[in-house]
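S.K.:
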Amino acid sequence: MKNGEEPWICAREDSNGKPKAGGTEVVIPRASDSDSGSADLQLDSLESSQKDTASDDFADPNISDISGLTQAPPPDSLGSLTFQAPFNEASVEILVQSIQEVLRGELKVLLQEEPLDCLSSMVRQELFVTITDFSYQDMYLLFGSEDREDLLGLTIKSIFSLPAIGTLTQLPHKVSSQTSHPECLYRQTFQAFSVMLQSLVVKDPHLENFDNIFKHMDPWLQSDKDHERERATTIMAQVLKCLSCYLNLKFPLQFQKLGHLVALMALLCGDPVKEVAEEAAEGTHYLLHIIMKLKYATQDKNNGKSLREILKRCRELLGHYSVKQFYSCPFKIVQVFEVFLDSQELRQFLITTLDSLKSLSRPCTQQTAGELLITLMKHAEDRFEKVPEIIGVICARLSVITLPSVRQNIVNTVSLFISSPKYTDTVLSHLLCHPVPYDRHLAELWRTLNIELSKTTWVLWRLMRKLQKCHDVTTQEKMAYVAVAATDALYEVLMGNKLREAAFRLFPQLLMTLLIQIQHSVGLTMSDVSIPSGLYAGQEIPTEVTPLCFAIQATKTLLLRTLCWQEFSIMEKNDGWTLLRGECHLQGVFLLANALLERSHLFACKTMYMLVPLINRGNDKHKLTSAGFFVELLRSPVARRLPRLYSTVRLKTWLYDENKLFKIIALRGLRNLVRHREMREDIKSVVPCILESLHESDERIVLLAIQILMQLVKTLDSTTLASMMKILFSLFGDVRHGIHRFSMTLFGASVKAVKCTDKKCVENHVLESLVPLLLFSQDDNDEIAKESRRVLTLCAQFLKWKLPREVYCKDPLYIKPNEVRRVCKFFVWILSKYVDPSELKMKGTDWIENDLRELLQDPEPSLRIIASQALFRIQRVGSQPEEAQKTVCKLRKLFSSLHT
Numbered sequence: 002m003k004n005g006e007e008p009w010i011c012a013r014e015d016s017n018g019k020p021k022a023g024g025t026e027v028v029i030p031r032a033s034d035s036d037s038g039s040a041d042l043q044l045d046s047l048e049s050s051q052k053d054t055a056s057d058d059f060a061d062p063n064i065s066d067i068s069g070l071t072q073a074p075p076p077d078s079l080g081s082l083t084f085q086a087p088f089n090e091a092s093v094e095i096l097v098q099s100i101q102e103v104l105r106g107e108l109k110v111l112l113q114e115e116p117l118d119c120l121s122s123m124v125r126q127e128l129f130v131t132i133t134d135f136s137y138q139d140m141y142l143l144f145g146s147e148d149r150e151d152l153l154g155l156t157i158k159s160i161f162s163l164p165a166i167g168t169l170t171q172l173p174h175k176v177s178s179q180t181s182h183p184e185c186l187y188r189q190t191f192q193a194f195s196v197m198l199q200s201l202v203v204k205d206p207h208l209e210n211f212d213n214i215f216k217h218m219d220p221w222l223q224s225d226k227d228h229e230r231e232r233a234t235t236i237m238a239q240v241l242k243c244l245s246c247y248l249n250l251k252f253p254l255q256f257q258k259l260g261h262l263v264a265l266m267a268l269l270c271g272d273p274v275k276e277v278a279e280e281a282a283e284g285t286h287y288l289l290h291i292i293m294k295l296k297y298a299t300q301d302k303n304n305g306k307s308l309r310e311i312l313k314r315c316r317e318l319l320g321h322y323s324v325k326q327f328y329s330c331p332f333k334i335v336q337v338f339e340v341f342l343d344s345q346e347l348r349q350f351l352i353t354t355l356d357s358l359k360s361l362s363r364p365c366t367q368q369t370a371g372e373l374l375i376t377l378m379k380h381a382e383d384r385f386e387k388v389p390e391i392i393g394v395i396c397a398r399l400s401v402i403t404l405p406s407v408r409q410n411i412v413n414t415v416s417l418f419i420s421s422p423k424y425t426d427t428v429l430s431h432l433l434c435h436p437v438p439y440d441r442h443l444a445e446l447w448r449t450l451n452i453e454l455s456k457t458t459w460v461l462w463r464l465m466r467k468l469q470k471c472h473d474v475t476t477q478e479k480m481a482y483v484a485v486a487a488t489d490a491l492y493e494v495l496m497g498n499k500l501r502e503a504a505f506r507l508f509p510q511l512l513m514t515l516l517i518q519i520q521h522s523v524g525l526t527m528s529d530v531s532i533p534s535g536l537y538a539g540q541e542i543p544t545e546v547t548p549l550c551f552a553i554q555a556t557k558t559l560l561l562r563t564l565c566w567q568e569f570s571i572m573e574k575n576d577g578w579t580l581l582r583g584e585c586h587l588q589g590v591f592l593l594a595n596a597l598l599e600r601s602h603l604f605a606c607k608t609m610y611m612l613v614p615l616i617n618r619g620n621d622k623h624k625l626t627s628a629g630f631f632v633e634l635l636r637s638p639v640a641r642r643l644p645r646l647y648s649t650v651r652l653k654t655w656l657y658d659e660n661k662l663f664k665i666i667a668l669r670g671l672r673n674l675v676r677h678r679e680m681r682e683d684i685k686s687v688v689p690c691i692l693e694s695l696h697e698s699d700e701r702i703v704l705l706a707i708q709i710l711m712q713l714v715k716t717l718d719s720t721t722l723a724s725m726m727k728i729l730f731s732l733f734g735d736v737r738h739g740i741h742r743f744s745m746t747l748f749g750a751s752v753k754a755v756k757c758t759d760k761k762c763v764e765n766h767v768l769e770s771l772v773p774l775l776l777f778s779q780d781d782n783d784e785i786a787k788e789s790r791r792v793l794t795l796c797a798q799f800l801k802w803k804l805p806r807e808v809y810c811k812d813p814l815y816i817k818p819n820e821v822r823r824v825c826k827f828f829v830w831i832l833s834k835y836v837d838p839s840e841l842k843m844k845g846t847d848w849i850e851n852d853l854r855e856l857l858q859d860p861e862p863s864l865r866i867i868a869s870q871a872l873f874r875i876q877r878v879g880s881q882p883e884e885a886q887k888t889v890c891k892l893r894k895l896f897s898s899l900h901t
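Here's what the structure looks like:
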């Protein structure tokens, strides 16, 4: 302090020694002023302010071990400049009435008459001095009612809205002779305004007055105009300094926006205007002292240990954090203050910081806000409330953040929230309530999530569970919107490849979840999705956007990000994605499962083990996809280790399911299991079920059953072989070429599998097959004709016959009529001698009898005899009362050949 100055007023100078605009402040007397910025924050005042106060609420006799906690009682006023003698009772009453009258009009009119673009009189200054005088008499003209608070706002506006000091000095000199230069008038007015505000808080035990002042100063502290922001910051620093020196707390306390204030001061510490940053740093230093007193006062006095820890922490903070540190590193404010802020105040801090991201004209403020956010999250990530509100503000601000570093800080903030188990589901639920497909800002957020490696699996698993829970609901008429949003989110996360390690760990679960989502999405549009009202706000959803497209693209991305390139290629080459999209969904599942088994055996085995306990969960669509994928993996040698309960027993259960798709899945599973010789004995117990499947009308079921029996035929007993051959014989001549051909193949394999001692059991079936096989050897389908000749040879070898060479002729029979007649006579004789009458029972045999009667007139005697014998047998069968059950249409060709 310079000699000659008043002890409580000093002119503030900038670094060049010149007076700062609006820089005059009131300096309250204190015990020592030798600590250059931090001496006034001595810890001594913490407890003494509690012990010496008029209220005993904060007295604590248990803290006697802390030395130096003494302070002189505060003076009754700021100084002698505006102090007046006490009023008597009558005067007070008159003054109160007068004040009320002024509040109703006169003071407000005086202020309104003053122009806001210039400072040409001392009216403002005199008004501020008047309000100050009354404040020291505990008569607050600016508090107590809505009208008075309006006057407070008008008073603040009358100073902060003035043009910059440079503009004021350039205006025409219209001030009265009582005042000197406009700059001097401005300084005096600004000083009076500062003293007025300090007089309002110097006796503010409940902090109510300060809250009101801060409410009106808030918009000026965030002003886009540098000079307005500088004035507001200067005043706030002076008010905080006064409050810190004369803080005399009593319950109830009204510090309702502490988090907002701390955030605002921290942002101002990073202001691009040097003067603003310096004032904010000083004000923040005083605010730290206030908060420490406040938290000390509100602590549980019965917890002495906690109280001592707080005091120790206070000493450390006062010793290490000076004004200069706050000015140079505003993010350190978070490190210091977060320990004193509760969850509600932390939310205020975060919301205020996020709101500052709208300051497009001040990139420096955005940069500071980004640093504050990430620092706060790292130090207090588990202490927030109303997280959805915070995430909502973040999402709303994404579109206005232009600086890459700030965007990354925002993403890191969300990443810290989402990786905290306490908030993971909350954050995911909020992010999944946005329109799909996500806009570029939200898509970038999903793709650039920066989560610690140890927590990536947790986050991805919780996101996947959001989708899985939708699959567990079986009664919904429409698909849940969360299912579509979660699928799109999985796609974006996988595209970003930030959670790659987690994708590898969760590959089986992710793959099956997405395949099930595809199954649920087949044929659906967005109109089939239960979209929350107002989500799209009148926007039209493009027709190409469907739940299925999200599921397909997520599945493709999963394969590519987990290095399943060959599997992806197989799906592309074989139209696997097209199969998955339509009614042939299961075929696409089979294709992908086989590709995975061939190219990524480890993934395949993990998927199989994962499906074992989960395969019967969910609805039918869920079960079908899981079961279809599971049975294809049974080709793996690892399948031999599965308990019988999860292999053959489960497949047998599906064989009896009413849904034919489950029968197909069961047969595919048995076909894969039968490859393992160790499991064939178990599968033999299912043979009766498989034989029944040969009667099914679905071609896929019959062919699968034949393929399984082909593997088991050598292990079957003669009785089972005979039953099987009888069924297969009925399939000869089936219009479905696949069944026709493979039934003959299995019949031939059965003939070869019969042991010498059991030939009598199947001999009749072999004899009955000769004529059909001979006829089908002339089939137009080359594969069927070739297979017929091969099986016919096996039958002849079984009977130890030597068939005429002409039987094996590849030329059509009609070009060699003599040979045909000879062969046909031979088989008509076989028919008449060996055929089982029960096989000829049919409804209507007239066509056979007519052909045989014509043969009775044949010139060759041997043929007439054979025809006569055959006619006798046919007539005997026809005379029986029971209607025939089967059609032997092959005889028509036989008798037609005889006419050649």
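Heads up, this note's numbering is the position in the sequence shown plus 1, with the first residue counted as 1. Glycine included, each C-beta is placed from N, C-alpha and C at the ideal position.
Quick check on residue 802: buried or exposed, where buried means 16 or more other Cβ atoms within 10 Å of its Cβ?
M.R.: Exposed, by the Cβ-count rule.
S.K.: What is the rounded straight-line gap between the Cα of residue 228 and the Cα of residue 119?
M.R.: Those two C-alpha atoms are separated by around 14 Å.
S.K.: At a Cβ threshold of 8 Å, is residue 697 touching chain D?
M.R.: In the structure shown, chain D does not exist; there is a single protein chain.
S.K.: Start and end of the alpha helix (DSSP H) containing residue 442?
M.R.: Run containing residue 442: 441-448, per the alpha helix (DSSP H) assignment.
S.K.: Just mark residue 280 as buried or exposed, buried being the case when its beta carbon has 16 or more other beta carbons within 10 Å.
M.R.: Counting Cβ neighbours within 10 Å, residue 280 comes out buried, since at least 16 surround it.
S.K.: Check for me: the alpha helix (DSSP H) holding residue 654 runs from which residue to which?
M.R.: 649-656 is the span of the alpha helix (DSSP H), which, as asked, contains residue 654.
S.K.: Roughly how many angstroms separate the alpha carbons of residue 742 and residue 688, rounded to a whole number?
M.R.: Cα to Cα, residue 742 sits roughly 21 Å from residue 688.
S.K.: Could you tell me the alpha carbon to alpha carbon distance between residue 738 and residue 731, rounded to whole angstroms?
M.R.: Approximately 14 Å between the Cα atoms of the pair.
S.K.: Could you check whether residue 681 and residue 646 sit closer than 8 Å to each other, using their CB atoms as the reference points?
M.R.: Not a contact, by the Cβ cut-off of 8 Å.
S.K.: Rounded to whole angstroms, what's the CA-CA distance from residue 902 to residue 497? Just pull it up for me.
M.R.: No information on residue 902 is available, as it lies outside the stretch 2 to 901 that the chain covers here.
S.K.: Within 10 angstroms of its Cβ, does residue 583 collect 16 or more other Cβ (buried), or is it exposed?
M.R.: Per the 10 Å Cβ criterion, exposed.
S.K.: Using only alpha-carbon positions, find the residue among 594, 277, 773, 546 that is nearest to residue 226.
M.R.: Of the listed residues, the one whose Cα sits closest to residue 226 is 277.
S.K.: With a Cβ-Cβ cutoff of 8 Å, do residue 335 and residue 286 count as a contact?
M.R.: Contact: no.
S.K.: Determine, using beta carbons only, whether residue 523 and residue 586 come nearer to each other than 8 Å.
M.R.: Yes, these two residues count as a Cβ contact at 8 Å.
S.K.: If we ignore side chains and look at the alpha-carbon of each, how far apart do residue 676 and residue 691 end up?
M.R.: Cα to Cα, the separation comes out at about 16 Å.
S.K.: Mind checking residue 283: buried by the 16 CB within 10 Å criterion, or exposed?
M.R.: Buried is the call here.
S.K.: Mind listing, in chain order, the continuous alpha helix (DSSP H) runs of no fewer than 4 residues lying wholly within the stretch 345-393?
M.R.: The stretch 345-393 contains these whole alpha helix (DSSP H) runs: 364-381.
S.K.: Indicate the three-state DSSP secondary structure (helix, strand or coil) for residue 480 in the structure shown.
M.R.: Residue 480: strand per DSSP, three-state reduction.
S.K.: With DSSP as the reference, label residue 82 as helix, strand or coil.
M.R.: Only weak support is given to the placement of residue 82: the predicted model assigns it a pLDDT of 41, under 50, and the question is left unresolved by the model.
S.K.: Tell whether a beta-carbon distance below 8 Å holds between residue 466 and residue 425.
M.R.: It is not a contact, given that the beta carbons lie outside the stated cut-off.
S.K.: Can you check which of these residues, 366, 192, 384, is closest to residue 125 by C-alpha distance?
M.R.: Looking at the Cα atoms, 192 is the closest of the given residues.
S.K.: Quick check: residue 458 and residue 507, are their CB atoms within less than 8 Å of each other?
M.R.: Yes. Within cutoff.
S.K.: Leaving out five residues before and five after residue 719 in sequence, what residues of the same chain have Cβ atoms less than 6 Å from its Cβ?
M.R.: Excluding sequence neighbours, residue 719 sits near 759, 762.
S.K.: For the alpha helix (DSSP H) containing residue 680, name the first residue and the last one.
M.R.: From DSSP, residue 680 is part of no alpha helix (DSSP H); its letter is neither H nor E.
S.K.: Can you give the beta carbon distance from residue 376 to residue 395, rounded, assuming they're within the 8 Å contact cut?
M.R.: 16 Å between Cβ atoms; not a contact.
S.K.: According to DSSP, is residue 494 part of a helix, a strand, or is it coil?
M.R.: Residue 494 falls in the helix class under three-state DSSP.
S.K.: State yes or no: is the C-beta of residue 461 within less than 8 Å of the C-beta of residue 515?
M.R.: In this structure, residue 515 does not lie closer than 8 Å to residue 461 by Cβ.
S.K.: Roughly how far, in whole angstroms, is the beta-carbon of residue 774 from the beta-carbon of residue 789, given that I think they are within contact range, below 8 Å?
M.R.: 5 Å between Cβ atoms; contact.
S.K.: How would you call residue 873, buried or exposed, if buried means at least 16 neighbouring beta carbons within 10 angstroms?
M.R.: With fewer than 16 other Cβ atoms within 10 Å, it is exposed.
S.K.: Would you report the Cα separation of residue 704 and residue 668, rounded to the nearest angstrom?
M.R.: If I take the Cα positions, the gap works out to 10 Å.
S.K.: So what's residue 531 in DSSP terms, helix, strand or just coil?
M.R.: Looking at residue 531 - three-state DSSP - the assignment turns out to be strand.
S.K.: Taking the alpha-carbon of residue 247 as reference, which of 266, 163, 271, 294 has the nearest alpha-carbon?
M.R.: When each option's Cα is compared against that of residue 247, the closest is 294.
S.K.: Residues in its own chain within less than 6 Å of residue 567 by CB, not counting five upstream and five downstream?
M.R.: Closer than 6 Å at the Cβ level, and outside the excluded window around residue 567, lie 600.
S.K.: Quick one: residues in its chain with C-beta nearer than 6 Å to the C-beta of residue 537, no 5 flanking neighbours on either side, listed in chain order?
M.R.: Correct list, in chain order: 436.
S.K.: Is residue 239 near residue 209, with beta carbons less than 8 Å apart?
M.R.: In this structure, residue 209 does not lie closer than 8 Å to residue 239 by Cβ.
S.K.: Only counting runs of 3 or more residues, tell me where the beta strand (DSSP E) segments fall wholly within the stretch 414-441, in order along the chain.
M.R.: Complete beta strand (DSSP E) runs here, min 3: none at all.
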